[in-house]
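When you line the sequence shown up against the numbering used here, it's residues 837 to 1030, in that order.
We put the beta carbon where it would ideally sit given N, CA and C, even for glycine.
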Amino acid sequence: MPALPLLHASLTLGAILSMLAGVLFLRRRWQRRSDARPQHLAVGWLLIAAGGMAMVLSWRPELGLAHGLLAFSLMGYLVVFAGADYRSARLRAVRETSLAPQARRTNWARGTAKAFLAIVLSGVAAIGLGIAFALAMPLEIHDRVVLGGLLVPVLWGGGMAWTLCDARLLRATGVLLAVSAISYGVAFLPGLFS
């Protein structure tokens, strides 16, 4: 009976060492791409596959596959971490200019138009996309309604932020109108023709 745990441990250790050697071969191939031989690539992947098979033999197939993928990932991180190049940060000269936006003269009409686009038209577009999602996606009805409802405030906030940041009002208006028309068309036109 004591031979089984020893065999299990030796297979696991052999699998980990095989995967480490395979990752090192792949790393060597990556570092010397110009003069590397294709054998390094083949040997690296064969060692990784052999380590994966040893993991599957050592553990049950479900656990062996999970442990093998975990060991492969950890060996990859270990090799990358060992070969990392750490550099000291260089201080940059302080810039004389500030990164603040340009001061523009605003007028009452432009501010009102931006507010209308950000609040009303972004909301209409977001609600249209939420309704289109809730009606057209191939999910259960409860999932569609919940996801469509959760999308509306996120899309509305994104539309508001984009509209307020965009300097061109006509472009924002055109995009929001197009999104609204397409989303409401997707949501309600199939019902009209059926």
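In the three-state reduction of the DSSP assignment, Asp1002 falls in the coil class, being assigned neither a helical nor a strand state.
Within the model, the alpha-carbon separation for Leu906 versus Pro897 is close to 14 angstroms. Distances from the alpha-carbon of Met996 to those of Leu953, Phe861, Tyr913 and Ile963 put Leu953 closest.
Arg863 and Val981 have their C-alpha atoms roughly 49 angstroms apart.
In this structure, Leu1000 lies away from Leu965, with their beta-carbon atoms at least 7 angstroms apart. Val859 has its alpha-carbon roughly 46 angstroms from the corresponding atom of His978. Taking all protein chains in view, the Cβ of Val1015 is crowded by 16 or more other Cβ atoms within 10 Å, so the residue is classified as buried. Contact check for Ala851 against Ala902 fails: the beta carbons are separated by 7 angstroms or more. According to the DSSP assignment, Leu883 belongs to the alpha helix (DSSP H) that extends over Pro874 to Ser894. Inter-residue distance for Met911 and Val892 is about 17 angstroms (C-alpha atoms, whole angstroms).
Annotation: the stretch 844-872 contains no complete segment of the beta strand (DSSP E) (minimum length 3 residues).
In this structure, Phe861 keeps its C-beta atom at 7 angstroms or more from the C-beta atom of Gly887. Going by DSSP, Met911 is part of the alpha helix (DSSP H) stretching over Pro897 to Ala918.
The beta carbons of Ala968 and Val1022 sit closer together than 7 angstroms.
Spatial neighbours of Leu971 in its own chain (CB-CB distance under 7 angstroms, excluding positions within 5 residues in sequence) are listed in chain order as Ala1023.
Taking each of Trp895, His876 and Gly985 in turn and checking the Cα distance to Leu847, the smallest one comes out for Trp895.
With respect to Arg865, Leu853 sits apart: the two C-beta atoms are not nearer than 7 angstroms.
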